[in-house]
Amino acid sequence: MRDQIPVTVRVVYLARLREAFASAGESLRLAADRPSTVAELVDQLRLRGGAFAAELAPGRAIRVAINHAMSTSSDVLHDGDEVAIFPPVTGG
Amino acid sequence: MSVRVQTADFDAGAEIAKLRGGDARVGAVASFIGTVRDVNGDASVARLTLEHYPGMTEKSLEAIVADAKQRFDVYEVLVIHRVGDLGPTDQIVLVVVTSAHRGDAFDACRFVMDYLKTRAPFWKKERTADGERWVEARASDDEAAARW
Chain A
2 MRDQIPVTVR VVYLARLREA FASAGESLRL AADRPSTVAE LVDQLRLRGG AFAAELAPGR
62 AIRVAINHAM STSSDVLHDG DEVAIFPPVT GG
Chain B
241 MSVRVQTADF DAGAEIAKLR GGDARVGAVA SFIGTVRDVN GDASVARLTL EHYPGMTEKS
301 LEAIVADAKQ RFDVYEVLVI HRVGDLGPTD QIVLVVVTSA HRGDAFDACR FVMDYLKTRA
361 PFWKKERTAD GERWVEARAS DDEAAARW
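Protein chains in written order, with my numbering: chain A, 2 to 93; chain B, 241 to 388.
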């Protein structure tokens with residue numbers, strides 16, 4: 002068995018998603034045998050069903066930021082990253 | 241500081257005077273103030289709560305200001321955005337730009353607002369007679385930002 006480095010990220014839910022998930026965030030462990038992308042993290046959450054499946058359904062607009070910078074679905078996650086998931090912004 | 245996120249109201253006149261600061265190079269000052277309307281679509285809005293993502297908010301606004309200074313011939317850019325509980329007619333956001341000439345001042349001011357509307361992590365939640373609802377993002381905001 003090859004060595005595995007644990008990859009744990011801090012996930013933050015904001016605005017409508019925080020309310021829908023009844024959670025401001027959580028610590029999430031990712032597959033360690035290969036790099037995980039933003040898309041894979043979202044897939045992992047969606048598989049929980051319920052509000053996660055509904056809010057993160059394909060076609061629903063969400064945005065993801067890694068360490069306070071907007072990301073794309075193919076960006077790779079690293080141990081200790083803060084990953085924020087939120088609806089499109091509506092400030093101004 | 242060229243970027244401020246705060247619950248308190250702001251005095252646009254005082255902020256403009258401070259930003260100009262007696263700088264004789266300035267020949268144009270453009271400003272924008274966004275305010276809370278009492279109606280959105282078919283519902284009348286009693287209150288508005290503005291949520292943000294502390295840490296990223298300031299960073300994203302600073303990046304937008306830096307971008308504006310790269311793209312346009314401007315001297316100073318100020319952005320103040322309020323968060324928390326607001327009511328109709330309250331001020332939400334202030335953008336002020338100083339420049340030698342009006343063209344860059346107007347353009348930079350509009351650019352900052354168009355980018356802020358699609359990139360800065362703020363969310364509005366409205367309280368109406370039917371209860372609370374999160375404001376949905378508009379496609380027209382993406383189109384406005386895509387022009388630049």
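Where is the CB? At the ideal position from N, CA and C, for every residue including glycine.
Quick caveat: nothing in here was measured; it's all calculated off a predicted structure.
Unbroken alpha helix (DSSP H) runs of no fewer than 4 residues, entirely contained in the region 333-367 of chain B, are found at 342-359, following chain order. The beta carbon of A/ASP80 is closer than 8 Å to those of ILE6, PRO7, VAL8, THR9, VAL10 in its chain, skipping five residues each way along the sequence. Counting of Cβ neighbours within 10 angstroms places B/SER380 among the exposed residues, the total staying below 16. Annotation for A/LEU31: the continuous beta strand (DSSP E) segment containing it runs 26-31. B/ARG378 sits in coil when the DSSP states are folded into three classes, being neither helix nor strand.
Between the region 243-260 of chain B and the region 307-314 of chain B there are fewer than three C-beta pairs closer than 8 Å, too few to call the two in contact. By the neighbour-count definition (other C-beta atoms within 10 Å, threshold 16), B/ILE332 is a buried residue.
Residue-level contact by beta carbon holds for B/TRP363 and chain A, with a gap shorter than 7 Å. Going by C-alpha positions, B/THR297 is about 28 Å away from A/PRO36. In this structure, A/VAL39 sits near A/ASP76, with a CB-CB distance shorter than 7 Å.
Among the residues of the region 315-334 of chain B, those with a Cβ less than 8 Å away from any Cβ of chain A are HIS321, ILE332, VAL333, in the order of the chain. Selection B/GLN246, B/HIS321, B/ASP382, B/ARG265 evaluated against B/THR275 yields B/HIS321 as nearest (Cα-Cα). For B/ALA248, the secondary structure class from DSSP, reduced to helix, strand or coil, is coil. Residue pairing from DSSP places B/GLY324 in a beta bridge opposite B/LEU290. Annotation: Cβ neighbours of A/VAL90 in chain B (cutoff 8 Å, chain order): LYS357, THR358, ARG359, ALA360, PRO361, PHE362, TRP363, ALA377. From the beta-carbon of B/LEU288, no residue of chain A is found nearer than 8 Å; the closest lies around 10 Å away.
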